[in-house]
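Participant: Residue numbers (mature numbering (1 follows the signal peptide of the UniProt record, and there is no 0)): -16 to -1, 1 to 396.
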């Protein structure tokens, strides 16, 4: 099994680099280059290819092997980074992101989204059912580490690395990963796909994907299982900021602490699955724990506004609130790993010619579910007030527990 997990770990770590680059490193570089906050924010339009993964997932299924797609897309990312190294960085006084830089960053996102489809499809084909728990732990943990390296470590090195040096380093990393994807013995042993005469885009494609056993239930679950958690994780740190917790302290606990706890939770989830815990009972238990954690966090929100409540340094309330942040990220990482294992198990039931498309559908719905409440939580809190909003989020967190009662036998 280690022969499979080690190359997957390296590839998923590289897969996390574009997210960290564009969520952590790039905004700082663009702002330091003199772009306005509005222009920096508009750079997120470059994420668009990630929402269109279903447009090319059928091509990954129908044309060639996923290993070939993975190798070419990863090498292409290295080429794009090499071209970016040859361009001047955004300079002070520019009205916006230079067109050439913006175009290459869009290509970077396109290549990263194709790589994402190919790597997930490869994992679906490579891992045996008993290996899904450890495999999904590797997926979640390595991706988060890659994002942290690109968004944090490279940012820390930025004063000593010029724009060309930064992107040449990324290019070399991608080319090494492409060599790994092509040469790793475990990946070379994947069966070659049978020649397919089926066109990748047909009127029956969506019907065929939805006909895979358990797909409709799994799609509903992944779309909704994070609603309460994402809304709370978006709002609670801001409420603590409003009640006197300093931005640096909040950054430490909700940044470094959150990543460490999330990775610990993901690792525990994989360990429990590797010890042959049944998926559905484990998921039910961790969802109940998450509901309990959010109930405690909701009680803290109500207590913050009571007369005499103090969030001063060293108070029990302050410590409880900061520990609550870490607990929710720990439980969130645990829930995510178990859920991704269920998603991959469902996609393994699809015919090989549909597996990339099938998993991409589930992954896209999972992303949309997380973005939905993360984007709307602020408006709900402004409109309803924090107390009513958190009570609503608590109800949303309970719904997945009830929804598990409708789980099909394929999710067991």
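Just so you know, even glycine gets a beta-carbon here, dropped at the ideal spot from N, CA and C.
Is it buried or exposed, residue 379, if we count other Cβ atoms within 10 angstroms and call 16 or more buried?
Facilitator: Exposed, because fewer than 16 other Cβ atoms sit within 10 Å of the Cβ of residue 379.
Participant: Starting from residue 95, trace the alpha helix (DSSP H) in both directions and tell me its first and last residue.
Facilitator: Run containing residue 95: 83 to 110, per the alpha helix (DSSP H) assignment.
Participant: So what's residue 209 in DSSP terms, helix, strand or just coil?
Facilitator: It is coil, neither helix nor strand.
Participant: According to DSSP, is residue 268 part of a helix, a strand, or is it coil?
Facilitator: Reduced to three states, the DSSP call for residue 268 is helix.
Participant: In angstroms, rounded to a whole number, what distance separates the CA positions of residue 171 and residue 57?
Facilitator: Each residue's Cα considered, the two are about 16 Å apart.
Participant: In angstroms with no decimal places, state the Cα-to-Cα distance between residue 323 and residue 329.
Facilitator: In a straight line, the C-alpha of residue 323 is about 10 Å away from that of residue 329.
Participant: Roughly how many angstroms lie between the CA atoms of residue 397 and residue 260, to the nearest whole one?
Facilitator: This structure cannot speak to residue 397, because the chain is shown only from -16 to 396.
Participant: Assuming residue 159 is part of the alpha helix (DSSP H), what are its boundary residues?
Facilitator: Here the alpha helix (DSSP H) through residue 159 covers 147 to 167.
Participant: So which of 71, 115, 224 has the shortest CA-CA distance to residue 294?
Facilitator: Nearest option by C-alpha distance: 224.
Participant: I'd like to know whether the C-beta atoms of residue 277 and residue 312 end up nearer to each other than 8 Å.
Facilitator: Yes, the Cβ-Cβ distance between residue 277 and residue 312 is below 8 Å.
Participant: So does the segment 190 to 199 actually touch the segment 332 to 350, counting three or more Cβ pairs closer than 8 Å?
Facilitator: Yes, the segment 190 to 199 touches the segment 332 to 350.
Participant: Where in the segment 287 to 339 do unbroken runs of the alpha helix (DSSP H), each at least 4 residues long, occur, reported from the N-terminal end onward?
Facilitator: Here the runs fully enclosed are 300 to 331.
Participant: Do residue 123 and residue 209 have their C-beta atoms closer together than 8 Å?
Facilitator: No, these two residues do not count as a Cβ contact at 8 Å.
Participant: Rounding to the nearest angstrom, what Cα-Cα distance links residue 53 and residue 129 in this structure?
Facilitator: Taking the straight line from one Cα to the other gives about 23 Å.
Participant: Compare the Cα-Cα distances from residue 346 to each of 200, 29, 149 and report the closest residue.
Facilitator: Among 200, 29, 149, the Cα nearest to that of residue 346 is on 200.
Participant: What does the alpha-carbon distance come out to for the pair residue 398 and residue 226?
Facilitator: One cannot answer for residue 398 here, as it falls past the ends of the chain, which runs -16 to 396.
Participant: Give me, in chain order, the residues of the same chain whose beta-carbon lies closer than 7 Å to that of residue 385; leave out the 5 immediate sequence neighbours on both sides.
Facilitator: Closer than 7 Å at the Cβ level, and outside the excluded window around residue 385, lie 268, 271, 272, 275.
Participant: Quick check: residue 284 and residue 304, are their CB atoms within less than 8 Å of each other?
Facilitator: Closer than 8 Å, so yes.
Participant: Suppose you measure from the CA of residue 144 to the CA of residue 71; what does that come to, to the nearest Å?
Facilitator: Distance between the alpha carbons of residue 144 and residue 71: 18 Å.
Participant: Which of the three DSSP states, helix, strand or coil, is assigned to residue 230?
Facilitator: Here residue 230 sits in coil by DSSP.
Participant: Applying the criterion that 16 or more other CB atoms from any shown protein chain within 10 Å of the CB defines a buried residue, is residue 188 buried or exposed?
Facilitator: Classification of residue 188: exposed, given that the 10 Å Cβ count is below 16.
Participant: What's the gap between the Cα of residue 265 and the Cα of residue -1?
Facilitator: Residue 265 and residue -1: Cα-Cα distance of roughly 30 Å.
Participant: Suppose the cutoff is 7 Å on Cβ atoms and the five residues either side in sequence are ignored; what does the same chain contact list for residue 61 look like?
Facilitator: Within the same chain, residue 61 has close Cβ partners 92, 95, 96, 99, 158.
Participant: DSSP on residue 47, reduced to helix/strand/coil?
Facilitator: Of the three classes helix, strand and coil, the one that applies to residue 47 here is coil, per DSSP.
Participant: Exposed or buried, residue 213, counting other C-beta atoms within 10 Å across all chains shown (16 or more means buried)?
Facilitator: Residue 213 should be labelled buried.
Participant: Spatial neighbours of residue 184 within its chain, please: C-beta separation below 6 Å, excluding the five flanking residues on both sides.
Facilitator: Bear in mind that the predicted position of residue 184 carries a pLDDT of just 48, short of 50, making it unreliable; the figure below should be weighed with that in mind. For residue 184, where only same-chain residues beyond five positions count, the Cβ hits under 6 Å are 42, 43, 46.
Participant: I need the DSSP call for residue 71, collapsed to helix, strand or coil.
Facilitator: Residue 71: coil per DSSP, three-state reduction.
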